[in-house]
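Chains as they are written, first to last, in my numbering: chain A, 298 to 631; chain B, 126 to 462. Data first, discussion second: the structure below is written as structure tokens.
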Amino acid sequence: MTAPELAAETTYRDALREAIREAMIEDERVFIMGEDVAEYGGTYAVTKGLYKEFGRDRVRNTPLSEAGFVGAGIGAALGGMLPIVEIMTVNFSLLALDQIVNTAATLRHMSGGQFHIPVVIRMTTGAGRQLAAQHSHSLECWFAHVPGLRVVAPATVTDARWMLKAAMADPDPVIVFEHNGLYNSSGPVLPGPVDLTTAEIRRPGTDLTIVASAGMVSKSLEAAEQLGDRNVSAEVIDLRSLRPLDRATLAKSVEHTSRAVVVDEGWRSVGLSAEIAAGITEDCFYRLDAPVCRVASREVPIPYPRHLEDAAIPQVHDIVAGAMTVMTGSLADV
Amino acid sequence: MALVGLDDSVVKEMYSQMLAARVFSQRLFNLQRQGRAGTNAPVDGNEATIVGAAFALDPERDWVLPQYRELVGLERFGKDVLDRYVLFCIGHPDGGHIPEPVRVWPPQISLATQLPHALGMAWGLKREAEMESRPNESCVLAFIGDGASSEGDFYETGNFAAVLDAPLVILLVNNGWAISTPASSQTRAKTFSEKAKGFGMPGVTVDGTDALAVFDAVKEARTRAIAGAGPSLIEAITYRLAPHTTADDPTRYVPPEELAAARERDPLTVMKSEMERRGLWSEDWEAATLVQADERMEQAVLAAEARPLDPESLFHHVFDELTPRLSRQRQNFGAGR
Numbered sequence: 298m299t300a301p302e303l304a305a306e307t308t309y310r311d312a313l314r315e316a317i318r319e320a321m322i323e324d325e326r327v328f329i330m331g332e333d334v335a336e337y338g339g340t341y342a343v344t345k346g347l348y349k350e351f352g353r354d355r356v357r358n359t360p361l362s363e364a365g366f367v368g369a370g371i372g373a374a375l376g377g378m379l380p381i382v383e384i385m386t387v388n389f390s391l392l393a394l395d396q397i398v399n400t401a402a403t404l405r406h407m408s409g410g411q412f413h414i415p416v417v418i419r420m421t422t423g424a425g426r427q428l429a430a431q432h433s434h435s436l437e438c439w440f441a442h443v444p445g446l447r448v449v450a451p452a453t454v455t456d457a458r459w460m461l462k463a464a465m466a467d468p469d470p471v472i473v474f475e476h477n478g479l480y481n482s483s484g485p486v487l488p489g490p491v492d493l494t495t496a497e498i499r500r501p502g503t504d505l506t507i508v509a510s511a512g513m514v515s516k517s518l519e520a521a522e523q524l525g526d527r528n529v530s531a532e533v534i535d536l537r538s539l540r541p542l543d544r545a546t547l548a549k550s551v552e553h554t555s556r557a558v559v560v561d562e563g564w565r566s567v568g569l570s571a572e573i574a575a576g577i578t579e580d581c582f583y584r585l586d587a588p589v590c591r592v593a594s595r596e597v598p599i600p601y602p603r604h605l606e607d608a609a610i611p612q613v614h615d616i617v618a619g620a621m622t623v624m625t626g627s628l629a630d631v
Numbered sequence: 126m127a128l129v130g131l132d133d134s135v136v137k138e139m140y141s142q143m144l145a146a147r148v149f150s151q152r153l154f155n156l157q158r159q160g161r162a163g164t165n166a167p168v169d170g171n172e173a174t175i176v177g178a179a180f181a182l183d184p185e186r187d188w189v190l191p192q193y194r195e196l197v198g199l200e201r202f203g204k205d206v207l208d209r210y211v212l213f214c215i216g217h218p219d220g221g222h223i224p225e226p227v228r229v230w231p232p233q234i235s236l237a238t239q240l241p242h243a244l245g246m247a248w249g250l251k252r253e254a255e256m257e258s259r260p261n262e263s264c265v266l267a268f269i270g271d272g273a274s275s276e277g278d279f280y281e282t283g284n285f286a287a288v289l290d291a292p293l294v295i296l297l298v299n300n301g302w303a304i305s306t307p308a309s310s311q312t313r314a315k316t317f318s319e320k321a322k323g324f325g326m327p328g329v330t331v332d333g334t335d336a337l338a339v340f341d342a343v344k345e346a347r348t349r350a351i352a353g354a355g356p357s358l359i360e361a362i363t364y365r366l367a368p369h370t371t372a373d374d375p376t377r378y379v380p381p382e383e384l385a386a387a388r389e390r391d392p393l394t395v396m397k398s399e400m401e402r403r404g405l406w407s408e409d410w411e412a413a414t415l416v417q418a419d420e421r422m423e424q425a426v427l428a429a430e431a432r433p434l435d436p437e438s439l440f441h442h443v444f445d446e447l448t449p450r451l452s453r454q455r456q457n458f459g460a461g462r
């Protein structure tokens, strides 16, 4: 059966759904489960309509038991199925950490290679919707820390479509982070495939490399435009995969720009930005004209009021300011 | 109606607070639509359970650990509960701080995580009384929903609380829905209360639309808790008459005929019948009570919106003292804007 046709212009949400739908049509072993995914279509409407099309056995509501249903997804994968587990948001994944970190990531190793776990675990991440400190996390780096997990964060409609497809085809557990600010974004779906390992240059430049992922990519592109007005030519790299990191693409870019700013919606200390900055420093030390700059969230629980939430997470002006410190050599540790 | 012996004045006060709870909640819903408040969860359908429980407790001795739907109905525990909850909903960081001596915790958003806290607190109150060689006179009541009862925290708390004979009352409000998931998809048990048997504690199911029935059950559980006989699980069955939160659209999944039937058992209607039976109800009295609730809420909203909000409050409550990095971030806050 052929893949369903996509409109020329589609949303990130619809692109994800098409990837799931295609996989469900192609392989009866694919099923999806999670909280409110059935009739309701998911709290972010990604699975809308799938229940009607595929029925209750393949689009399953679960009780509110994250450890239980993530564990069941792992078990179903062991039993020969190809489960997609939707966790409503990353903060709920904390209830399932034991299953993800201690079992999904280790069973291949613990079984001496007898088992592998082809499970896809999707979850929403990020702040920006006034959902307060317990529902606005960016904990991608927690998962990217763990050997045995692949961690991806598609930032465009095309990547949503093809990276989810690649995730479902992968024999190992893949964690897919969907930034809540991206679901309504729209654009054309360019032809695939897209792999789970390669970063992408979203905007070429010569003076400075800005490294970002997920919700920070569009802000970085906007910052790059503003930097252009100041005669700074910024290259913007979308990481796409957080584990493994595509250090070759980063190194190649910094080799010709000699400067880098890493943008991360997560917290700064012991975060993703630290790993990327360290990698760039290791790979390009003798080419760097300035220390690598990190632009990350302020080290506070994400506040509830809109203006304070905006102030806590990196904005375009923060990225521009970070870039200018690198360009002028006035980098301060904040 | 269980406790026909309850004083008329108490019944009247309970009904007033139930009416007020719905007024407060509807105002918060509207404030969200106006962009003046964040996501919040309407109380409609839960009034009898909340107010019935509040009146069975002793506000000077007992503690309440709410979820996110109860704070509009806990006026009995002090004026600060609503005032701070309104502040919370408009996004002010002080909204989570309910000042002493009010014995109500701030809203808990994460599901079921307050149950182990409630257990620990109940255990602590009991230990404190033992250490001071006096009888324990306090219990802790924790609200939880049908959906949250599927979380591990519920089972671990139930088991542990019984082992410790903790003075804990778990009030499980079964309002039929966890966002779009019906209670029938949460459990195959005939009732939620029968789960208590596995914990080794008493479990009862009561009509959660009947404030007096809830009052009765909570009173009994409280007596048991304070006597040192251990925790109880109470399931109060009602129906969620409004969306899960301001972010929900229940018309996509709630069967209209089911909702219409539930409206016949609206907790406000049930209590109104009791008021009428006792000859306490009149149209003028109810109208005046609603106006009073409106005014009360208006004051709370105006006070909340007038409360100054220092943008640097972003850094206020992370640690007791700012770390060096936080100090730098605060110093640079606003620079370059």
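Glycine residues also receive a C-beta, built at the ideal position from the N, C-alpha and C atoms. On a predicted model such as this, the values are computed, not experimentally measured, just so you know.
- Item | Under 8 Å from the C-beta of L236 (chain B): neighbouring residues of chain A | L361
- Task: Please determine if the stretch 525 to 533 of chain A and the stretch 478 to 494 of chain A are in contact, where contact requires at least 3 C-beta pairs separated by less than 8 Å.
- Result: no
- Can you pull the chain A residues whose beta carbon is under 9 Å from the beta carbon of G272 (chain B), in chain order? E332, P360, L361
- Task: Identify whether D278 (chain B) lies in helix, strand or coil by the three-state DSSP scheme.
- Result: helix
- Test: V298 (chain B) CB closer than 7 Å to a CB of chain A: no
- Message: So for W302 (chain B), helix, strand or coil by DSSP?
- Response: strand
- Task: Would you be able to state if there are at least three C-beta pairs under 8 Å between the stretch 330 to 350 of chain B and the stretch 274 to 281 of chain B?
- Result: no
- Message: For a contact defined as C-beta to C-beta under 8 Å, what are the partners of Y341 (chain A) on chain B?
- Response: Near Y341 (chain A) there are no residues of chain B at all, since even the closest Cβ is about 11 Å away, more than 8 Å.
- By DSSP, does E634 (chain A) sit in helix, in strand, or in coil? One cannot answer for residue 634 (chain A) here, as it falls past the ends of chain A, which runs 298 to 631.
- Item | Neighbour flag for A571 (chain A) against chain B, beta carbons, 7 Å | no
- Message: Let me make sure I understand the geometry here. Which of B:S258, B:A352, B:A267, B:G216 has the alpha-carbon closest to that of W230 (chain B)?
- Response: B:A267
- Item | Top-ranked residue by Cα proximity to I414 (chain A), from A:V471, A:S435, A:G423 | A:V471
- Message: Please identify, using Cβ separations under 7 Å, the residues of the stretch 450 to 461 of chain B that lie next to chain D, in order along the chain.
- Response: Absence of chain D from the displayed structure is noted, the protein chains being A and B.
- Should I359 (chain B) and L296 (chain B) be called a contact, given that it needs their Cβ atoms to be closer than 7 Å? yes
- Task: Can you grab the Cα-Cα spacing for the pair I397 (chain A) / Y140 (chain B), in whole Å?
- Result: 48 Å
- Task: Report yes or no: is there a C-beta of chain B within less than 7 Å of the C-beta of Q523 (chain A)?
- Result: no
- Is the Cβ of Y480 (chain A) closer than 7 Å to any Cβ of chain B? no
- Task: Could you name the residues that DSSP lists as bridge partners for V560 (chain A)?
- Result: A:V592
- Query: Given K462 (chain A), which residues of its chain have a CB within under 6 Å of its CB, disregarding the five upstream and five downstream residues?
  - Reply: A316
- Query: In the stretch 586 to 604 of chain A, which residues sit with their C-beta less than 9 Å from some C-beta in chain B, listed in chain order?
  - Reply: R595, E596, V597, P598, P600, Y601, P602, R603, H604
- Query: How would you write the range of the beta strand (DSSP E) that I472 (chain A) sits in, first residue to last?
  - Reply: 471 to 476
- Item | Own chain residues within Cβ distance below 7 Å of F317 (chain B), not counting five before or after | D271, S274, L297, N299, E360
- Sequence-distant residues of its chain with Cβ nearer than 8 Å to P392 (chain B) (five each side left out): M143, G170, N171, E172, A173, T174, G333, T334, D335, A336, T363
- Task: Could you say if the stretch 301 to 315 of chain B and the stretch 239 to 254 of chain B meet the contact criterion of at least three C-beta pairs nearer than 8 Å?
- Result: no
- Message: Less than 7 Å between C-beta atoms, sequence neighbours within five positions excluded: which residues of the same chain meet that for D278 (chain B)?
- Response: A237, T238, L240, P241
- Three or more beta-carbon pairs under 8 Å between the stretch 606 to 625 of chain A and the stretch 153 to 160 of chain B, yes or no? no
- Message: Using a Cβ distance threshold of 8 Å, determine whether the stretch 373 to 384 of chain A contacts the stretch 316 to 329 of chain A, with at least three qualifying pairs required.
- Response: yes
- Message: Would L250 (chain B) pass as an interface residue toward chain A - the criterion being a Cβ-Cβ separation below 7 Å?
- Response: no
- Looking only at C-alpha atoms, which of A:N477, A:A305, A:V486, A:S550 sits nearest to T578 (chain A)? A:S550
- Message: I want to know whether the stretch 598 to 608 of chain A touches the stretch 368 to 376 of chain B - three or more CB-CB distances under 8 Å.
- Response: no
- Query: Quick check: the stretch 585 to 602 of chain A against the stretch 450 to 464 of chain A, are there 3 or more CB pairs under 8 Å?
  - Reply: no
- Message: Output needed for A364 (chain A): all residues of its chain with C-beta closer than 7 Å, excluding positions within five of it in sequence on either side, in chain order.
- Response: L392, A393, D395, Q396
- How about F285 (chain B): is its C-beta nearer than 7 Å to some C-beta of chain A? no
- When the Cβ atoms of the stretch 561 to 578 of chain A are set against those of the stretch 411 to 422 of chain B, are three or more pairs found closer than 8 Å? no
- With 16 other CB atoms within 10 Å as the buried threshold, where does V135 (chain B) fall? exposed
- Message: Pairs of beta-carbons, one from the stretch 207 to 224 of chain B and one from the stretch 183 to 190 of chain B, closer than 8 Å: are there three or more?
- Response: no
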